[in-house]
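Numbering (our numbering), first residue to last: 3 to 248. The structure under discussion appears below in the form of structure tokens.
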Amino acid sequence: MKLADLLKSKREIRKVTIDEKKALREGEKIGHEVWDIYYEKVRDYNVSFSETLSFFEFNSFRDILAQRKLNNLTTNILDLMGGDGSFLRDLQSTGRRHKILDSGLCITLVDERKEKLKAKDEENNIEVECGDITSKKTWRTIDRWQENNGVKNFDLVVCRGVGGLETNIIPESTYPYIFSRVWERLSDKNGLFVSQLHSMANEETILKLLSKVAGAKFHFQRSRSGFTEFDGIKNRLPALGIVKTL
């Protein structure tokens, strides 16, 4: 990572954390944005990654978990930049009689859940931790959670960062660091990592990063991903997907 980019990112993240706390507690607008994106669910994620999921022959994120369950595989999920954990919560609720999600960890900047919701999440093996995904401290928090919950690897890692990526709070120079941290923790039993990217992300750089992983199946799309609304406009952010196998 470039030091100048990282230091700038840290300053921006501190500012955004303060803004998010205020917005979530008081229901305020910041600029044109109401922080509804904090509470977006499976349907919204399906739209954002529609073509990436289709490339890997999945109809939805629930489809990924259902297929893993049919094959007696684990379903542990890491949601990076994931708001209040609504995506994980919504996935678990689609399991109907049986829990489709073995466990889920959401990494966010601010956790304003009420105690009642925290207790319900705990019952459903869902946890929300505060952290900055460019920070080693955050990845140590993730490792500690894995150890405490008996989760060796994650079967699905999602990063739907939207504004945090598009406004360069998470600069492109940090992508290799984040990618390597995810890859180390991704299951080699068809573990899937999907992520949005900045709209001006350098395609050559991204493809070079992905091609370094031997034997992996990956997909990168420039701008055809489903619409994601942020800051009053609908964006088509690039997305990548990569499957890890033995």
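Just so it is clear, CB atoms sit at the ideal spot from N, CA and C, and this is done for glycine as well. Here the structure is a predicted model, which means the values were calculated and not measured.
Spell out the partners DSSP gives residue i in its beta bridges.
{"i": "F129", "result": "In the sequence as displayed, the identity of residue 129 is Glu instead of Phe. Note: E129 sits in a beta bridge opposite L107."}
{"i": "K246", "result": "G193"}
{"i": "K219", "result": "V245"}
{"i": "F156", "result": "L188"}
{"i": "Q198", "result": "A241"}
Is residue j closer than 8 Å to residue i when the C-beta atoms are compared?
{"i": "I244", "j": "V215", "result": "yes"}
{"i": "V44", "j": "D92", "result": "yes"}
{"i": "D86", "j": "V160", "result": "no"}
{"i": "N155", "j": "S189", "result": "yes"}
{"i": "L67", "j": "T77", "result": "yes"}
{"i": "N127", "j": "D113", "result": "no"}
{"i": "W141", "j": "R183", "result": "yes"}
{"i": "Y177", "j": "L212", "result": "no"}
{"i": "N316", "j": "F63", "result": "No answer is possible for residue 316: the residues shown for the chain start at 3 and end at 248."}
Is there at least one Cβ from chain C nearer than 8 Å to residue i's Cβ?
{"i": "L211", "result": "Judged by its chain identifiers, the structure shown contains no chain C, having just a single protein chain."}
Of the choices the options, whose alpha-carbon is the least far from that of residue i?
{"i": "D134", "options": "D46, K154, M83 and F51", "result": "M83"}
{"i": "L75", "options": "S197, I102 and S88", "result": "I102"}
{"i": "D123", "options": "G106, V112, L111 and T110", "result": "G106"}
{"i": "E174", "options": "D145, T136 and V153", "result": "T136"}
{"i": "I208", "options": "R162, I172 and F222", "result": "F222"}
{"i": "M202", "options": "L239, R115, L55 and R187", "result": "L239"}
{"i": "D46", "options": "S88, N192 and D157", "result": "S88"}
{"i": "F57", "options": "E205, E206, H200 and L194", "result": "L194"}
{"i": "H200", "options": "F220, N192, E149 and I172", "result": "I172"}
{"i": "V153", "options": "W185, N61 and I79", "result": "I79"}
{"i": "W147", "options": "R187, D65 and E59", "result": "R187"}
Classify residue i: buried if its beta carbon has 16 or more other beta carbons within 10 angstroms, exposed otherwise.
{"i": "C132", "result": "exposed"}
{"i": "K138", "result": "exposed"}
{"i": "S50", "result": "buried"}
{"i": "A241", "result": "buried"}
{"i": "T247", "result": "exposed"}
{"i": "D157", "result": "buried"}
{"i": "R70", "result": "buried"}
{"i": "E42", "result": "buried"}
>> For a minimum of 4 consecutive residues, which ranges assigned as the alpha helix (DSSP H) are wholly contained in the region 63 to 103?
In response: Listed in chain order, the alpha helix (DSSP H) runs fully inside the region 63 to 103 are 63 to 72 and 88 to 95, counting runs of at least 4 residues.
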